[in-house]
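>
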Amino acid sequence: MAAKIIDGKQVAEAIREELKAETAKLIKEKGVTPGLVTILVGENPASVSYVTAKQKASKELGFHSVQDSQPADIREADLLALVDGYNKDPKIHGILVQLPLPKHINESKVLYAIDPDKDVDGFHPVNIGRLMIGKAKFLPCTPAGIQQLLIRSGATIEGAEVVVVGRSNIVGKPIANMLLQKQDGANATVTVCHTRTKDMASHTRRADILIVAAGKPNAVTADMVKEGAVVIDVGVNRVGEKESTKTPGKMVAILKGDVDFDGVKEKAGAITPVPGGVGPMTITMLMQNTLASAKIASER
Ligand code: GUN
1313 MAAKIIDGKQ
1323 VAEAIREELK
1333 AETAKLIKEK
1343 GVTPGLVTIL
1353 VGENPASVSY
1363 VTAKQKASKE
1373 LGFHSVQDSQ
1383 PADIREADLL
1393 ALVDGYNKDP
1403 KIHGILVQLP
1413 LPKHINESKV
1423 LYAIDPDKDV
1433 DGFHPVNIGR
1443 LMIGKAKFLP
1453 CTPAGIQQLL
1463 IRSGATIEGA
1473 EVVVVGRSNI
1483 VGKPIANMLL
1493 QKQDGANATV
1503 TVCHTRTKDM
1513 ASHTRRADIL
1523 IVAAGKPNAV
1533 TADMVKEGAV
1543 VIDVGVNRVG
1553 EKESTKTPGK
1563 MVAILKGDVD
1573 FDGVKEKAGA
1583 ITPVPGGVGP
1593 MTITMLMQNT
1603 LASAKIASER
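Counting in the numbering used here, the sequence shown runs from 1313 upward without gaps.
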């Protein structure tokens, strides 16, 4: 039987409706408007489109939204000073520095300069540490989106064999850690596979939940998947360009995940598409983190 398609867009919209109502309540009852600044250095087209989408979502929820665009040749010291200004700005509850940064800037240095209590991306080592000991303040957005998709699509996580393909700091390592916590929406047995794993398929075939963040198209094919498994495809690979259906004459990227969708959907119990699976969830979780940060600030 063909797999159930997990509609990330629909789940994301449902969560955004909840966030919108909570935002209005926070503004009305506490007089605090969640504030998010997105800092973009240079004009990398993918980064521009991500930041534009983040700003759009932020405005739609009624947040105080600041887009701070800086030239590609900004000095590292000036960028650090900019971040520090937002650390001290009481109207800002979330600071996001869009990655990648130009080569002359030390990315870690900039990320570590963000106040961990405003680090809505969840990339700061303090937040990674909090996550690891089960006391997360901000979950990194893509892993948080994956966990919500699993919970809201009714997957059984507790006791499940979860296999994660990929060990990045942004997806693989944090999602593995989140799902093994002694907490609701977790309590799984987790295996992490990577480029040096011997006989990858022997691991992936045991998975009740298979999370693929390999960064490579067709990294997972049907023969590597157990019948009925829940498959979450985190990959976003630009495999070409096509004309936009919305704006004639405009070229847009053709996206493909890390999973051979057509083959795997015949075997899996449920699967996320690309686009329209994990992608829409990531920005939604950024909004959730920003709202959470504002709520904490309103209680101080
Ligand atoms: N670049 C690609 N993905 C991300 C993300 O989730 N956060 C930031 N800050 N930059 C990115």
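Ideal Cβ placement from N, Cα and C applies to all residues, glycine included.
Please read all numbers here as calculations on a predicted model, not as lab measurements.
Taking the alpha-carbon positions, what's the G1374 to T1345 distance?
As a first step, residue 1374 is located in the sequence shown; it is residue number 62 there, counting from the start. As a first step, residue 1345 is located in the sequence shown; it is residue number 33 there, counting from the start. When rounded, the distance between both Cα atoms is 8 Å.
> By how many angstroms is the C-alpha of G1457 removed from the C-alpha of Y1514?
Residue 1514 sits at position 202 when you count from the first residue of the sequence shown. Residue 1457 sits at position 145 when you count from the first residue of the sequence shown. Note on residue identity: the sequence assigns Ser, not Tyr, to residue 1514. Going from the Cα of S1514 to the Cα of G1457 covers about 27 Å.
> Any chance the region 1495–1503 sits against the region 1531–1547, with 3 or more Cβ pairs inside 8 Å?
In short, these stretches do not touch, since the Cβ pair count stays below three.
> When you compare the CB positions of R1518 and V1475, do they come within less than 8 Å of one another, or not?
Here the question's residue 1518 lines up with position 206 in the sequence shown. Here the question's residue 1475 lines up with position 163 in the sequence shown. Going by C-beta atoms, R1518 is nearer than 8 Å to V1475.
> Would you call the region 1592–1599 in contact with the region 1551–1568, where contact means no fewer than 3 C-beta pairs closer than 8 Å?
As far as the Cβ criterion goes, the region 1592–1599 does not touch the region 1551–1568, which means the pair count is below three.
> Look at A1582 and I1417 and say whether their C-beta atoms are less than 8 Å apart.
By 1-based counting over the sequence shown, the position of residue 1582 is 270. By 1-based counting over the sequence shown, the position of residue 1417 is 105. Not closer than 8 Å, so no.
> According to the Cβ coordinates, are T1454 and V1363 closer than 8 Å?
Sequence index remark: in the sequence shown, residue 1454 carries index 142 (1-based). Sequence index remark: in the sequence shown, residue 1363 carries index 51 (1-based). No. Outside cutoff.
> In whole angstroms, give me the CA-to-CA distance for K1447 and Q1367.
Numbered from 1 along the sequence shown, position 135 holds the residue referred to as residue 1447. Numbered from 1 along the sequence shown, position 55 holds the residue referred to as residue 1367. Taking the straight line joining both Cα atoms gives about 28 Å.
> Quick check: what's the CA-CA separation for G1588 versus R1328?
Position 276 of the sequence shown holds residue 1588. Position 16 of the sequence shown holds residue 1328. Spanning the two alpha carbons is a distance of roughly 15 Å.
> Under three-state DSSP, which class holds M1512?
Working through the sequence shown from its first residue, we reach residue 1512 at position 200. M1512 falls in the helix class under three-state DSSP.
> Would you give the residue range spanned by the alpha helix (DSSP H) that R1464 belongs to?
Taking the sequence shown and counting its residues from 1, the one referred to as residue 1464 is at position 152. R1464 -> alpha helix (DSSP H) spans C1453 to R1464.
> With the cut-off set at 8 Å, would you say K1521 and A1467 are in Cβ contact?
Start at 1 with the first residue of the sequence shown, and residue 1521 comes out as number 209. Start at 1 with the first residue of the sequence shown, and residue 1467 comes out as number 155. It is worth fixing the name first, because residue 1521 is Ile in this sequence and not Lys. Yes; because the gap between Cβ atoms is below 8 Å, this pair is in contact.
> Buried or exposed for K1577, going by 16 or more other Cβ atoms inside 10 Å?
Your numbering for residue 1577 matches position 265 in the sequence shown. That one is buried.
> Which word fits G1569, buried or exposed, when buried means at least 16 other C-beta atoms lie within 10 angstroms of its C-beta?
The residue labelled residue 1569 in the question sits at position 257 within the sequence shown. With 16 or more other Cβ atoms within 10 Å, it is buried.
> Between the alpha carbons of L1411 and L1392, how many angstroms are there, rounded?
The residue you call residue 1411 lines up with position 99 of the sequence shown. The residue you call residue 1392 lines up with position 80 of the sequence shown. C-alpha separation (whole angstroms): 15 Å.
> Thinking C-beta only, is S1370 closer than 8 Å to L1338?
Within the sequence shown, the letter at position 26 stands for residue 1338. Within the sequence shown, the letter at position 58 stands for residue 1370. Their beta carbons are not under 8 Å apart, which means L1338 does not touch S1370 by this criterion.
> Closest to A1606 by C-alpha separation, out of A1315, L1462 and G1406, would be which residue?
The count along the sequence shown starts at 1 and reaches residue 1606 at position 294. The shortest Cα separation from A1606 among A1315, L1462 and G1406 belongs to G1406.
> Among residues of its own chain, excluding the 5 on either side of M1563, which ones have a beta-carbon nearer than 8 Å to its beta-carbon?
Here residue 1563 is taken as the residue at index 251 of the sequence shown, counted from 1. So the list reads E1553, K1554, E1555 and S1556, once near-sequence residues are dropped.
> Compute the Euclidean distance between the alpha carbons of D1380 and D1572, then round it to the nearest angstrom.
For the purposes of this step, residue 1380 is taken as the residue at position 68 of the sequence shown. For the purposes of this step, residue 1572 is taken as the residue at position 260 of the sequence shown. Computed Cα separation, rounded: 38 Å.
> Within 10 Å of its beta-carbon, does K1510 have 16 or more other beta-carbons around it, so buried, or fewer, so exposed?
Position 198 of the sequence shown, counted from the start, is the residue given in the question as residue 1510. The residue in question, K1510, is exposed, as its Cβ has fewer than 16 Cβ neighbours within 10 Å.
> Shorter than 7 Å, the distance from the beta carbon of T1594 to the closest heavy atom of the ligand GUN, or not?
Mapped onto the sequence shown, residue 1594 falls at position 282. Yes, since a heavy atom of the ligand GUN falls inside the 7 Å radius drawn around the Cβ of T1594.
> Counting along the chain, where does the beta strand (DSSP E) carrying T1501 start and finish?
The count along the sequence shown starts at 1 and reaches residue 1501 at position 189. Counting along the chain, the beta strand (DSSP E) containing T1501 begins and ends at T1501 to C1505.
> Given a cut-off of 8 Å, decide if L1603 and E1341 are closer than it, judged by their beta-carbon atoms.
Taking the first residue of the sequence shown as 1, we reach residue 1341 at position 29. Taking the first residue of the sequence shown as 1, we reach residue 1603 at position 291. No, they are not a contact pair.
> Assign I1523 to buried or exposed, taking buried as 16 or more other Cβ atoms, counted over all protein chains shown, within 10 Å of its Cβ.
Against the sequence shown, residue 1523 aligns to sequence position 211. Looking at its Cβ environment, which holds 16 or more other Cβ atoms inside 10 Å, I1523 is buried.
> State the start and end residues of the unbroken alpha helix (DSSP H) segment that holds A1336.
One-based indexing of the sequence shown puts residue 1336 at position 24. From DSSP, the alpha helix (DSSP H) with A1336 extends over G1320 to K1342.
> Please confirm whether A1534 and G1575 have their CB atoms less than 8 Å apart.
Here residue 1534 corresponds to residue number 222 of the sequence shown, with the count starting at 1. Here residue 1575 corresponds to residue number 263 of the sequence shown, with the count starting at 1. Yes.
> Consult DSSP for G1440 and reduce its assignment to one of helix, strand or coil.
Within the sequence shown, numbered from 1, the residue matching residue 1440 stands at position 128. Reading the sequence as shown, one finds Ile at residue 1440 and not Gly. If DSSP states are grouped into helix, strand and coil, I1440 belongs with the helices.
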